[in-house]
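Colleague: Please find one structure pasted underneath; my questions will follow.
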Amino acid sequence: MHSSLSADTQVVFVGGGNMATAILRGLVAQGFPGQNITVIEPTAESRARLEQDFGVRTLAAADASLSTASVVVWAIKPQIFAEAAAPVQPHTRQALHISVAAGIPIQSIEGWVQSRRIVRCMPNTPAQIGLGIAGLVAGSAVSAEDRALTQAILSPTGQLMWVDSEQQLDALMTISGSGPAYVFFWIEALMQGGQALGLSAEQARILAAHTFVGAANLVLQSDESPELLRQRVTSKGGTTHEAITTMQERGVTEAIVAAQRACYERGVELGKQFA
Numbered sequence: 029m030h031s032s033l034s035a036d037t038q039v040v041f042v043g044g045g046n047m048a049t050a051i052l053r054g055l056v057a058q059g060f061p062g063q064n065i066t067v068i069e070p071t072a073e074s075r076a077r078l079e080q081d082f083g084v085r086t087l088a089a090a091d092a093s094l095s096t097a098s099v100v101v102w103a104i105k106p107q108i109f110a111e112a113a114a115p116v117q118p119h120t121r122q123a124l125h126i127s128v129a130a131g132i133p134i135q136s137i138e139g140w141v142q143s144r145r146i147v148r149c150m151p152n153t154p155a156q157i158g159l160g161i162a163g164l165v166a167g168s169a170v171s172a173e174d175r176a177l178t179q180a181i182l183s184p185t186g187q188l189m190w191v192d193s194e195q196q197l198d199a200l201m202t203i204s205g206s207g208p209a210y211v212f213f214w215i216e217a218l219m220q221g222g223q224a225l226g227l228s229a230e231q232a233r234i235l236a237a238h239t240f241v242g243a244a245n246l247v248l249q250s251d252e253s254p255e256l257l258r259q260r261v262t263s264k265g266g267t268t269h270e271a272i273t274t275m276q277e278r279g280v281t282e283a284i285v286a287a288q289r290a291c292y293e294r295g296v297e298l299g300k301q302f303a
């Protein structure tokens, strides 16, 4: 168990969906006791599943037992955050609050939970298999101990990256937050192209997925830039050169950059609804 987590640490999750489950699974797998975790989840079926799978305590609604909370993880849809916070905040003002609700600025969260110890987190879906990367930004009252506690709770889901501002968190979202969908989109396209050339759907799926895994790991493990790695496999006049040239002629780079800009602007627009 991580050194920042002790036998006295009490973790409360508001919401018991996919992201909460991913974090829960990682915590329990590293030896954190399920009896130190409380999940507030209105759906009876979900409560039963969480109790059975992780040995956690569940509540249908907030009550005074939350007053022992060391940290509250807000794993809910942004549009219900304010409503969900109202019955919780009288009991949890002493806790560190970690929000994985997309787009909601720290200032709004501070008002809703009546605390300035806020960490905003932008996770991504590979967290469900321990291969995520999450962006983190700390509110003004977050201490070094709070940062360590945040890392202890979230690190089982994958890599963590602290950034300096909420603007940077919004920018990060255009790569890692929404990025898995871009990769799935590319895999779909490669499957379509492969099938058009005679491969089966399953052959194309496995080839495309493993190509992304291998290439991504090569980027992480190599001292060379992605540009240089690309150039090394793009012989002038060869097959890869023909493919890359076709993509460049079709404006693929510009389309990806424009897509990220659209993603960023939509994120800022949605965030203003909660400011």
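Plus 28 on top of the position in the sequence shown (first one is 1) and you've got the numbering used here.
Note that the Cβ used here is the ideal one computed from N, Cα and C, for glycine as well.
If you run the structure through DSSP and keep just helix, strand and coil, what is I104?
Modeller: The residue you call residue 104 lines up with position 76 of the sequence shown. I104: coil per DSSP, three-state reduction.
Colleague: Could you spell out where the alpha helix (DSSP H) holding V261 opens and where it closes?
Modeller: In the sequence shown, counting from the first residue as 1, residue 261 sits at position 233. Careful: V261 lies outside any alpha helix (DSSP H) and carries neither H nor E.
Colleague: Restricting to runs no shorter than 3 residues, where is the beta strand (DSSP E) found entirely within the stretch 53–99?
Modeller: 65–68, 85–87
Colleague: When you compare only the Cα positions, how much space is there between G222 and Q156?
Modeller: Indexing the sequence shown from 1 puts residue 222 at position 194. Indexing the sequence shown from 1 puts residue 156 at position 128. Separation of G222 and Q156 (C-alpha to C-alpha, rounded to the nearest whole angstrom) is 28 Å.
Colleague: If we cut at 7 Å on Cβ distances, does Q195 have a partner in chain B?
Modeller: Going by chain labels, chain B is absent from the structure shown, which holds only one protein chain.
Colleague: Whole angstroms are fine: how far does the CA of Q122 sit from the CA of F240?
Modeller: Walking along the sequence shown from the start, residue 240 turns up at place 212. Walking along the sequence shown from the start, residue 122 turns up at place 94. Cα to Cα, the separation comes out at about 44 Å.
Colleague: Excluding the five sequence neighbours on either side, which residues of its own chain have a C-beta within less than 8 Å of the C-beta of V296, listed in chain order?
Modeller: Numbered from its first residue, the sequence shown carries residue 296 at position 268. Excluding residues within five positions, the ones whose Cβ falls inside 8 Å are D198.
Colleague: Assess, as a yes-or-no matter, whether the stretch 178–185 is touched by the stretch 221–237 under the definition of 3 or more beta carbon pairs within less than 8 Å.
Modeller: no
Colleague: Three-state secondary structure (DSSP) at I146?
Modeller: The residue labelled residue 146 in the question sits at position 118 within the sequence shown. Strand.
Colleague: Can you tell me the Cα-Cα spacing of S250 and A172, whole angstroms?
Modeller: Within the sequence shown, the letter at position 222 stands for residue 250. Within the sequence shown, the letter at position 144 stands for residue 172. Straight-line Cα distance between these residues: approximately 32 Å.
Colleague: Please report the Cβ distance between V128 and P151, rounded to the nearest whole angstrom; I am assuming they are in contact, meaning their Cβ atoms lie under 8 Å.
Modeller: Residue 128 sits at position 100 when you count from the first residue of the sequence shown. Residue 151 sits at position 123 when you count from the first residue of the sequence shown. Indeed, because the Cβ distance is near 6 Å, the residues count as touching under 8 Å.
Colleague: Can you look up S204 in the DSSP assignment and give me helix, strand or coil?
Modeller: The residue labelled residue 204 in the question sits at position 176 within the sequence shown. In the three-state reduction of the DSSP assignment, S204 falls in the helix class.
Colleague: Which residue's Cα is closest to the Cα of E194: V165, A169, N46?
Modeller: On the sequence shown, residue 194 is found 166 positions in, with the first residue counted as 1. Ranking the options by Cα distance to E194, first place goes to V165.
Colleague: Between which two residues does the beta strand (DSSP E) containing Q117 stretch?
Modeller: In the sequence shown, residue 117 corresponds to position 89, counting from 1. Unbroken run through Q117: none, as it is neither H nor E.
Colleague: So, at 7 Å on beta carbons, what are the nonlocal neighbours of A176 in its own chain, with the 5 sequence-adjacent residues on each side left out?
Modeller: Locating residue 176 in the sequence shown gives position 148, where the first residue counts as 1. Within the same chain, and ignoring the five residues on either side of A176 in sequence, the residues whose Cβ sits closer than 7 Å to its Cβ are S32.
Colleague: Just how far apart, CA to CA, sit D62 and V56?
Modeller: Start at 1 with the first residue of the sequence shown, and residue 62 comes out as number 34. Start at 1 with the first residue of the sequence shown, and residue 56 comes out as number 28. The sequence shown places Gly at residue 62, not Asp. So the two alpha carbons sit approximately 6 Å from each other.
Colleague: What's the gap between the Cα of R294 and the Cα of Q196?
Modeller: Translated into positions along the sequence shown, residue 294 becomes position 266. Translated into positions along the sequence shown, residue 196 becomes position 168. Their Cα atoms are separated by approximately 15 Å.
Colleague: Compare the beta carbon distance of S204 and I161 with 7 Å and say whether it is the shorter of the two.
Modeller: Counted from its first residue, the sequence shown places residue 204 at position 176. Counted from its first residue, the sequence shown places residue 161 at position 133. Yes, they are a contact pair.
Colleague: Going straight from the alpha carbon of R144 to that of R77, what length do you get?
Modeller: Residue 144 sits at position 116 when you count from the first residue of the sequence shown. Residue 77 sits at position 49 when you count from the first residue of the sequence shown. For R144 and R77, the distance between alpha carbons rounds to 33 Å.
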